[in-house]
């Protein structure tokens with residue numbers, strides 16, 4: 001679903017934000033060809049802003065360009081899922097540890113508010129729930145006060161969002177699973193609130209090890225098993 005055009009954005013930026021969200025949330029599936037005329041009409045823009053958005057997203061690796069202006073959503077791979085998981089296992093716990101050390105009261109309040117805004121992640125790819133989950137984690141790593149780490153995690157999450165959608169297909173959305181994830185999020189908030197770096201690192205390590213990124217790898221492994 002596309003949104004109404006906000007006056008604060010240029011048409012180029014609006015098309016970019018819209019198309020990027022459609023890709024990251026899985027609304028446009030990996031490998032699918034972009035129907036540029038239809039997409040432009042749905043967004044309420046001409047094809048010129050859309051083509052600029054495609055160019056920008058191509059430079060980010062989310063779109064693959066071919067001959068005759070053919071553009072496709074870049075495919076996902078097991079190797080990239082594994083690489084993302086390996087790096088996030090190192091960086092996310094570090095960010096949580098630093099947040100527990102460095103956070104201000106204002107930043108703690110922002111993290112607590114983001115926790116309250118969380119909604120269960122369901123396997124129908126609810127966009128609002130996915131964005132709220134990302135914002136919760138973003139509030140944590142912003143509180144690390146480490147600009148290099150923040151930039152790295154921003155770019156990692158851009159790539160990881162598509163794999164989170166894949167992981168949802170395996171995880172399901174049972175009440176027990178929802179309760180477990182909520183408990184992990186709350187433990188993170190409590191550790192950061194208590195300014196306990198070791199506890200915050202451990203809480204994030206546990207969370208990453210059961211994350212949607214880890215489940216995405218299992219999806220690929222199962223697919224490979226079924227074809228051998």
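In UniProt numbering, the protein residues as written are 1 to 228. By construction, the Cβ of each residue, glycine as well, lies at the ideal position given by its N, Cα and C atoms. Computed from a prediction, not measured in an experiment: that's the story for all the values here.
- In the structure shown, the three-state DSSP call for residue 73 is strand.
- Straight through space, the alpha carbons of residue 143 and residue 110 are spaced by roughly 9 angstroms.
- Rounded to whole angstroms, the gap between the alpha carbons of residue 146 and residue 85 is 21 angstroms.
- Its chain contains 49, 52 as the residues whose beta carbon lies nearer than 6 angstroms to that of residue 12, once the 5 sequence neighbours on both sides are disregarded; these appear in chain order.
- Within the model, the alpha-carbon separation for residue 70 versus residue 29 is close to 16 angstroms.
- Looking only at 196, 224, 38, 140, the smallest Cα-Cα distance to residue 91 is reached by 140.
- Taking C-alpha positions only, residue 192 is separated from residue 119 by approximately 21 angstroms.
- Beta-bridge pairing by DSSP links residue 65 to 71.
- Of the candidates 24, 18, 188, 25, the residue whose Cα lies closest to the Cα of residue 36 is 18.
- Of the residues assessed, residue 194 falls on the exposed side of the cut-off, its CB having fewer than 16 other CB atoms within 10 angstroms.
- Assigned with DSSP and collapsed to three states, residue 33 falls in strand.
- When the five nearest sequence neighbours on each side are left out, the beta carbons in the same chain lying within less than 6 angstroms of the beta carbon of residue 89 are those of 208, in order along the chain.
- Per the C-alpha coordinates, the member of 160, 159, 210, 161 positioned closest to residue 183 is 210.
- For residue 25, no alpha helix (DSSP H) run applies, since DSSP gives it neither H nor E.
- Counted as a single uninterrupted DSSP element, the alpha helix (DSSP H) harbouring residue 178 occupies residues 175 to 193.
- For residue 59, the secondary structure class from DSSP, reduced to helix, strand or coil, is helix.
- Residue 97 and residue 200 do touch by the CB rule: their CB atoms are close to 6 angstroms apart, below 8 angstroms.
- Residue 131 sits in a helix when the DSSP states are folded into three classes.
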